[in-house]
Structure formats: C-alpha cells, structure tokens
Amino acid sequence: MHHTPGPGRGSVFAFTDEIDAWLKQPNGQVAAELPSRARTEFAARLRLNPVLLPAVLGVLALVATVLFLAMRRGPSEQPSEVRILKQGFEVLDRDGRVLWQHEFLEPLREAGGRPRSIGEMARVTDLDGDGQPEVIVVADFATSAASFETPHSILFCFSADGRLVWQWKAEMTLRFAGREFTGPWVFYDLVASPSGTAGAVWLAVAHHAWWPSAVVRVDPTGNAEIVFVNSGLIYAMNYVRTPAGDFVLAGGFNNGHDGAFLAVLAIEGTSGSSPQGEDSPFRAVDPPGGAPARYYLFPRSELNLLERQQRSQVTQISVGPEEVTVVTWEGKEVMSALYSFRSSPEFAPAYADYSDGYWHRHRLYEEEGRLDHTVEQCKRLVHPLPVREWRNGSWYTLRIPSQYFSR
Numbered sequence: 184m185h186h187t188p189g190p191g192r193g194s195v196f197a198f199t200d201e202i203d204a205w206l207k208q209p210n211g212q213v214a215a216e217l218p219s220r221a222r223t224e225f226a227a228r229l230r231l232n233p234v235l236l237p238a239v240l241g242v243l244a245l246v247a248t249v250l251f252l253a254m255r256r257g258p259s260e261q262p263s264e265v266r267i268l269k270q271g272f273e274v275l276d277r278d279g280r281v282l283w284q285h286e287f288l289e290p291l292r293e294a295g296g297r298p299r300s301i302g303e304m305a306r307v308t309d310l311d312g313d314g315q316p317e318v319i320v321v322a323d324f325a326t327s328a329a330s331f332e333t334p335h336s337i338l339f340c341f342s343a344d345g346r347l348v349w350q351w352k353a354e355m356t357l358r359f360a361g362r363e364f365t366g367p368w369v370f371y372d373l374v375a376s377p378s379g380t381a382g383a384v385w386l387a388v389a390h391h392a393w394w395p396s397a398v399v400r401v402d403p404t405g406n407a408e409i410v411f412v413n414s415g416l417i418y419a420m421n422y423v424r425t426p427a428g429d430f431v432l433a434g435g436f437n438n439g440h441d442g443a444f445l446a447v448l449a450i451e452g453t454s455g456s457s458p459q460g461e462d463s464p465f466r467a468v469d470p471p472g473g474a475p476a477r478y479y480l481f482p483r484s485e486l487n488l489l490e491r492q493q494r495s496q497v498t499q500i501s502v503g504p505e506e507v508t509v510v511t512w513e514g515k516e517v518m519s520a521l522y523s524f525r526s527s528p529e530f531a532p533a534y535a536d537y538s539d540g541y542w543h544r545h546r547l548y549e550e551e552g553r554l555d556h557t558v559e560q561c562k563r564l565v566h567p568l569p570v571r572e573w574r575n576g577s578w579y580t581l582r583i584p585s586q587y588f589s590r
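Under the working numbering, the first residue of the sequence shown is numbered 184, with each subsequent residue one higher.
So, in structure tokens, the structure goes:
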C-alpha cells in the first residue's frame, strides 16, 4: 500500500500489479520482486506540480500555433512586391511590410541599352501551380576582363519564404548567315504566364554588344528552351489571351528590315525565327522549328526619317481587355507611334495614332521651316503608311486608318 505525499491525510492506493501479485500469494504477502516501470511513471506524474500543468500545456499550444502559421502564411503575408536594392532585393507583402531580403555576393550592375530598369525585371507569380507564389528576379552582374566589364544577366526563382529554388544563366550560341554569337547575354524583358495556365517565364535574351536576340521559355523547374530567334534586339514582351488561343508578344527592331517589329508567338512549341530573305546576312541558321503565328513590320515615321534616327523600335506592348497597343519609339521628346490591335482571332491592326510629343515636334519643325505642311495636312498622319504582315510563309500589305483623322 502507498500514501500520496503532501499535507493532510492524503490518499491510500496500490498498483494493479501489486494487487494481482498479492492475490496470488497463499499467505496474502506481497511478492518480493514486482515490476517497477508502472510505479516509476506514475510517481513521476504525481511529482509534477499541478499548478504548472496548465502553463506547460499553454506553451505547447503556442509553439504548435507558431509552427502552423509559419508553414502556412495568410493572404496578407504572401509576397506581393519586389524592391531592388544595391546588392540584392527585398520582398514585401500587399501591406508594404518586408517579409524577407536576399543579398547577392556582388553588387548589381544595370545592363545598358535596356528600356526597362532592373526594378521592372521582377515578378511574383504561382509558377508551379501549388497555390504558393514564387518570386522571379532578373539580376545583372558584370564580368571583368582586364579593364573592360562585360554585363550578363541571371534569372533567379525563390520560394515564398525566400528559399532559392533554381537559377538560370544563358549559355547559348545563335548562328546567322556567316556569323555566330556566343554571348554573354543580357535579359531585356520578361513575362510570366497568368494564373490558371501552364506555368512558364519567357525572357527576351539579347547579346550584350551585338544585334541578335531570342525568346527563351523557362519552365517551373528552371529548364530553358529557345523558342524564337530574331535578327535584331527584342525590347518588349507581353502575354495576350484571344479567342484563337494564348500568345506571347515580342517587339523590338529588325536589323534586316531596318524597322520596328512585333512577333506573335504560340505559348506551346517553338516559333522559328524572324522572316528574312534567303540571301540576307541576317537570316538565322538552324533556328528552332516552327514559325511565328504573325510577324509585323512597322514603317518609320516622317519625323524619324527627318531626324535621321538610327532606328525605330517597339518599346512597349500594352494588353487591354479588347485590344493590344504597340508603341514604337520614333525620336526625341517621347515621339511615338501607336498601333492598336484587336484581340480577335485574326489579330489584325485596327488603327494607328501618334503621341502628343510627336505632334509637338511636328509643329516645331513647321515653325523652323523644316516641314512645308501643318500637322492637320500631314499625309502620313491622315493616311498612315501601310504595315507589313507575315503569315503562313507570305508577306501582306495592310492599310490601316488613323485614329485621330477617322473620327
């Protein structure tokens, strides 16, 4: 028999194994050798101060709650924005609170020639479709060769909690008639597939010094594939959904045709290369299979030619609910031409227009005597020059109205 410790009379008790052993003795004496494990565990429980028990249970519950919340962030605590720093970046939630930071081993170097800043080269998207967003970041670095620094870009993919999932650097060779280019390569733009679609990131990859470029598709595991090669730099990209399917849009400058271009690329498979003449030195050699769904060439504007600008190039592609606006750079003071495309199965241009900066520069040249007509009399504004369209292996000429003068 046993007596519980503490003040007062307490309680008298016996273990079940002791009672069983006592009953088996002929004279009612307790056996000398009895199992002690049950008594030890029970005594240990009795020695625990009952006042501390609720506190211990509370601590255990708190730890479990913290671990649960750490593994499952609420919507307001998910990555929403990426802010580039001098040598890394920080990730913020939708309320502007910093969730985590990442620092690279070397300072970031802004790639020259790109129309977008490095701060615009980041995305937060659910790339692998698991319900948790990934953070996609393009970082520019410089490789020193003697006294000359050569830029190159790397694409990084981080998990929602800041763990590096994978990284990708372009190690590729593009070949054209009589010449090949091995890099280093920089990334001029990127677009991620929208939610509810097969996850991928498309990159505009450009040679650091020369004109070749390509669209590269990177899947959720970091595997990359060249899907389109262009004879000229790609400056802008976007993603559009149409009744005929989803497409990636890529725009920039075509050196062989000496003008701005827009390529319409299927999101599945590969789309070949920009259409060049068979004898053109800008013709791609051994490009990916397939062909672009559409390829458009835009004419140089009157002021672009007057100022003898080196090029006219697509610098922005905006996608709206029913139309796509393609902006070409035409010269100083934000001189731009704007081409609107209907998001229809044909995906044909609907009208053309020019920016306020273009009209302003036109009037200045009128006053200076460099132009012999007013804006209202400008034939190229009233009747824009035709756009060339390539599809199914042939070129077509499209005449499109002016948005302003057709009202």
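From the three backbone atoms N, C-alpha and C, an ideal C-beta is built for every residue, glycine too.
Simplified DSSP assignment, three categories, for Lys269: coil
Could you give the DSSP three-state label for Asp539: helix, strand or coil? helix
Using a Cβ distance threshold of 8 Å, determine whether the stretch 405-421 contacts the stretch 459-473, with at least three qualifying pairs required. In short, these stretches touch, since the Cβ pair count reaches three.
Gly271 to Phe287 span [Cα, whole Å]: 5 Å
DSSP beta-bridge partners of Ala443: Phe436 and Phe481
Taking only three categories from DSSP, how would you classify Thr556? The question names Thr, but residue 556 is His in the sequence shown. Coil at His556, not helix or strand.
Would you give the residue range spanned by the beta strand (DSSP E) that Val570 belongs to? For Val570, the uninterrupted beta strand (DSSP E) segment begins and ends at Val570 to Arg574.
Determine the extent of the beta strand (DSSP E) in which Leu564 is found, giving its start and end residues. Not the beta strand (DSSP E): Leu564 falls in the alpha helix (DSSP H), residues Lys562 to Val565.
Suppose contacts are defined by Cβ-Cβ distances below 9 Å. Is Glu513 in contact with Tyr541 by that definition? yes
Determine whether the beta carbon atoms of Pro528 and Pro426 lie at a separation below 9 Å. yes
Could you check whether the stretch 483-496 touches the stretch 434-451, counting it as contact only if at least three pairs of C-beta atoms, one from each stretch, sit closer than 8 Å? Contact between the stretch 483-496 and the stretch 434-451 is present: 3 or more CB-CB pairs across the two stretches fall below 8 Å.
Who does Tyr371 pair with in a DSSP beta bridge? Tyr371 is bridged by DSSP to nothing; it lacks a bridge partner.
When we look at the beta-carbon of Glu485 and count the other beta-carbons within 10 Å, is it buried (16 or more) or exposed? With 16 or more Cβ atoms within 10 Å of its Cβ, Glu485 is classed as buried.
In its own chain, which residues sit with a C-beta less than 8 Å from the C-beta of Gly361, not counting the 5 before and 5 after it? Cβ neighbours of Gly361 beyond the five flanking positions: Pro464.
Burial state of Gln459, where buried means 16 or more other Cβ atoms lie within 10 Å: buried
Between which two residues does the beta strand (DSSP E) harbouring Gly514 extend? Glu506 to Gly514
Hey, would you say Val320 sits closer than 9 Å to Met304, going by beta carbons? yes
Limits of the unbroken beta strand (DSSP E) element including Ile417: Ile417 to Thr425
Closest Cα partner of Ser342 within the set Gln261, Arg358 and Gln492: When only C-alpha atoms are compared, the closest one is Gln261.
Pull up the distance between the alpha-carbon of Ala329 and that of Val369, whole angstroms please. Note that Ala329 has pLDDT 49, beneath the 50 cutoff, so the model's placement of it is unreliable and the number below is only indicative. The alpha-carbon atoms of Ala329 and Val369 are separated by roughly 20 Å.
What are the boundary residues of the beta strand (DSSP E) that includes Glu358? The question names Glu, but residue 358 is Arg in the sequence shown. That run of the beta strand (DSSP E) goes Leu357 to Phe359.
Tell me, please, which residues DSSP counts as bridged to Phe430. In DSSP, Phe430 forms a bridge with Val423 and Ala449.
Cβ of Val502 within 9 Å of Cβ of Val423? Cβ distance < 9 Å, so Val502 and Val423 count as in contact.
Taking only the alpha-carbon atoms, compute the straight-line gap between Ile417 and Arg525 and give it to the nearest angstrom. Here the C-alpha atom of Ile417 lies approximately 22 Å from the C-alpha atom of Arg525.
Just curious, the beta strand (DSSP E) that Asn286 is in, first and last residue? A small fix is needed here, since residue 286 is Glu in this sequence, not Asn. Counting along the chain, the beta strand (DSSP E) containing Glu286 begins and ends at Val281 to Glu286.
Under 7 Å Cβ to Cβ from Val388, same chain only, skipping five residues before and after it: list those, please. Ala353, Trp368, Phe370, Ser396, Ala397 and Val399
Should Arg466 go down as buried or exposed, given a rule of 16 or more other Cβ atoms within 10 Å for buried? buried
When DSSP labels each residue in this structure, what does His391 get in the three-state scheme? coil
Separation of Pro584 from Val565, as counted between CA atoms: 8 Å
Outcome for Thr453 when other beta-carbon atoms lying within 10 angstroms are tallied against a minimum of 16: buried
From the DSSP secondary-structure annotation, give me the bridge partner or partners of Asn413. Paired residues: Ser396.
Between which two residues does the beta strand (DSSP E) harbouring Leu521 extend? Met518 to Arg525
Cβ neighbours of Asn413 in the same chain (closer than 6 Å, five flanking residues each side left out): Ser396 and Ser457
Taking a contact to mean a Cβ-Cβ separation below 9 Å, would you say Thr508 touches Phe481 in this structure? no
Taking only three categories from DSSP, how would you classify Arg362? strand
Using the Cα positions of Pro334 and Pro298, report the straight-line distance between them to the nearest angstrom. 16 Å
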